[in-house]
Amino acid sequence: MLDEKVHRQIYTVLLAVLGVAMVSSVWLANLAWVLIGINWLAGGRWAEKWQRAKQSRPLHAVLAFCGLLLAGMLWTADTANGWSIMQVKLPLAVLPLVLLTSPPLPDRPRRAVAAVYVAAVTAVSIVAMIRMATIADLPYRQAVPHVSHIRFALNCCMVVYLAAGQLQRKEAPPALKAGMGLLAVWMVAVVMRLHSYTALGILAVVSIAVPLATRRWWAVALWLLAAGAVAAVAGNEVRRYYRLQPLSTQELQPCTANGRPYVHYRDGIVENGNYINNYICREELGEQWARRSGVPFDSLAQSGYSIESTLIRYLNACGYTKDSAGVASLTDGQVAAVEQGVANPVYQERHWLRQMVYTLLLEREYYRHTQAVAGFSTLQRLSLWKATVEVIAEHPLAGVGTGDVVGAMQEKLARQGSELAGRPMRSHNQYLGYAAAVGIPAAVAVLLLTLRAARTGWRRYRRGRADGMAFRLAWGLTIAVSMLTEDTLDTLAGILTAVFPLAFLPPAKEPHGEPPAQ
């Protein structure tokens, strides 16, 4: 058995490595959590660990979650996929077991681990923003190397909470508080730049829920003022999007200036105040485009969408007709933007809230008029949720088995004639996906165990025996809300984001010298 001091030092270093790797390297993150598990085994002290395990209600909830998925292997048909899912879940079982049964780190190492994690997230966020600024038309989904932009945005939220905690420390130096304030603003800006609607929604929920729970009424008032301002700006952008421009208010013309006929689909799809599929003359578009660009009209732009469809949308957004006159009106910079796949000049602006509003409204327009969902993240989720609910309705008690959820969903999507049929996509809702796998009773049981653990934590806070309650509450809400729109616990990055904060949470204070239960 390792010397206790050496064991603790190795444990601290491995946690710091994991804090860096979880936002920068999948390979290193996998190595780090495996080594953490081996170090835990080498540490011995099993009686103490057993006592902590018995007292840790969060650990009970996590192990129940994983154990019921393992039980779901008994009635799954796709065992290969099932075991693949269980392999992904291994760190979800191992890390909480290690973190919740090991002696809590002293304050200094615990803060060092948190500082390394914050530094890693900050460094990766800077790299991501540099990539978006220097790589032409880099999709925001590819801005963060090695990690999903959605999972990374959740880590940005965690850094915001840690920074907010430093701002509330009375003993913190003014320079530290100023730095933490700037860091929090930077992280919110990164989340907006990554177009993470989930993370922005989570920040909105947390920023009102935590002040309400901890009775910080000044923060509630500030939130209401900020929310009102954002709602006013967003409402103005919605009105701007739908305010019809002159080309769309006049009587439709039958021909171009050259006498060639226009096609007017009259499908009512609006973008930037103009109807996308009116005033189209493909013959003139192709001819004039060939004069302006060396990229073939029938090829794909750098975004993966066709030049033709990108050009039509870009001309529409500018208020031009989709003919030779419209293409001739484009500047060289705008032609280059179309070649890169930019379909709306709004996406070239720095007004990130406008970009997000316009993206959502375009999805709404296409779905409202054509029922299309492919390529639209919000609408795809709605379709996937519907399919998952139908799977649950047919197998409410035991589910379809751990490995069969995606296959069962695909059958539903195929019957519905959905555009998503044939695409092996998860449910994008952890709660629904879990219920579909192992049944409603098992899902409810895990949820009740989780709520029981949360209730215990809240009671400790009210009795003055739990520090860092604001962060604990923010962290819990972040994971809980993220699972409404994401399969957070179905990827390594998501699991680490959900579990890693246990490494630097202040331990609960237990009376009578008992080992602290977390």
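All residue numbers for the sequence shown refer to our numbering, where the first residue is 523 and numbers rise by one.
Built from N, CA and C at the ideal position, the CB exists for glycine as well.
Beta-carbon separation of residue i and residue j under 7 Å?
| i | j | result |
| --- | --- | --- |
| S546 | H671 | no |
| V922 | A909 | no |
| V635 | F1026 | yes |
| D854 | E806 | no |
| A645 | M654 | no |
| A586 | L971 | yes |
| A920 | G961 | yes |
| V860 | E759 | no |
| Y889 | L901 | yes |
| P1028 | G979 | no |
| V584 | P613 | no |
| N799 | Q767 | no |
| T924 | G604 | yes |
| R673 | A1020 | no |
| V682 | A706 | yes |
| L995 | A735 | yes |
| V868 | S815 | no |
| H717 | Y662 | yes |
| T720 | S1004 | yes |
| A554 | L536 | yes |
| D926 | T656 | no |
| G841 | L747 | no |
| V727 | L904 | no |
| F819 | G808 | yes |
Could you pull the start and end residues of the alpha helix (DSSP H) that residue i belongs to?
| i | result |
| --- | --- |
| E693 | Premise fails: E693 is in no alpha helix (DSSP H) and is neither H nor E. |
| T778 | Counting along the chain, T778 falls outside any alpha helix (DSSP H), and DSSP gives it neither H nor E. |
| F674 | 671-689 |
| I1017 | 1014-1021 |
| G541 | 526-543 |
| V911 | 899-916 |
| E933 | 927-938 |
| A959 | 952-960 |
| I657 | Segment: none, I657 is in no alpha helix (DSSP H) and carries neither H nor E. |
| S770 | 768-771 |
| N552 | 548-564 |
| L995 | 991-1007 |
Residue i: which of the options sits nearest, CA to CA?
| i | options | result |
| --- | --- | --- |
| R804 | R835, N796, G826 | R835 |
| I560 | V620, N758, L1014, A839 | V620 |
| S647 | L627, I791, A675, Q772 | A675 |
| L540 | K527, E526, I558, Q531 | I558 |
| T601 | D1009, V928, L1011, Y983 | V928 |
| A915 | G566, A958, T1013, S949 | A958 |
| G594 | I607, A583, V584, H582 | I607 |
| K527 | C588, D820, P625 | P625 |
| R872 | N603, V712, A694, R632 | V712 |
| R579 | D926, R977, W568 | R977 |
| Q609 | L1018, T1013, T1019, A1020 | T1013 |
| R945 | L722, K934, R574, R530 | K934 |
| L973 | A1002, L622, L954, G955 | A1002 |
| T771 | G757, G790, V755, Y784 | G790 |
| G566 | H529, Q932, A748 | H529 |
| N780 | Q810, D525, A756, Y763 | Q810 |
| W874 | D629, V752, V556, R632 | V752 |
| R788 | H891, K692, G757 | H891 |
| A1006 | L1018, R981, Q932, Y956 | Here the sequence assigns Leu to residue 1006, which means Ala is not the residue at that position. It is Y956 whose Cα lies nearest to the Cα of L1006. |
| E773 | R765, H786, R761, R782 | H786 |
| L884 | N838, R632, I652 | N838 |
| A564 | D525, E887, L852, G589 | D525 |
| G848 | L725, T778, L660, E1008 | T778 |
Contact check, residue i vs residue j under 8 Å by CB: the rounded distance?
| i | j | result |
| --- | --- | --- |
| M680 | P1023 | 6 Å |
| Q862 | A812 | Actually they do not touch by this definition, with Cβ atoms about 18 Å apart. |
| Q688 | M702 | 4 Å |
| N866 | E793 | 7 Å |
| W745 | S729 | 5 Å |
| A551 | A538 | Not really, about 13 Å apart at Cβ, beyond 8 Å. |
| V640 | L684 | 6 Å |
| T534 | K571 | About 18 Å; that fails the 8 Å criterion. |
| I829 | V817 | 6 Å |
| Y953 | A965 | 7 Å |
Shorter than 6 Å, the distance from the beta carbon of residue i to the closest heavy atom of the ligand MG, or not?
| i | result |
| --- | --- |
| Y763 | The ligand MG is not part of the structure shown, which contains no ligands of any sort. |
- Every unbroken alpha helix (DSSP H) within the region 803-888, with a cutoff of 4 residues, ordered by chain: 804-814, 829-840, 846-850, 854-862
- Length-filtered (4 minimum) alpha helix (DSSP H) runs lying within the region 717-751: 719-736
- Within the region 570-649, note down every full alpha helix (DSSP H) run reaching 4 residues or more, in order along the chain. 579-593, 601-623
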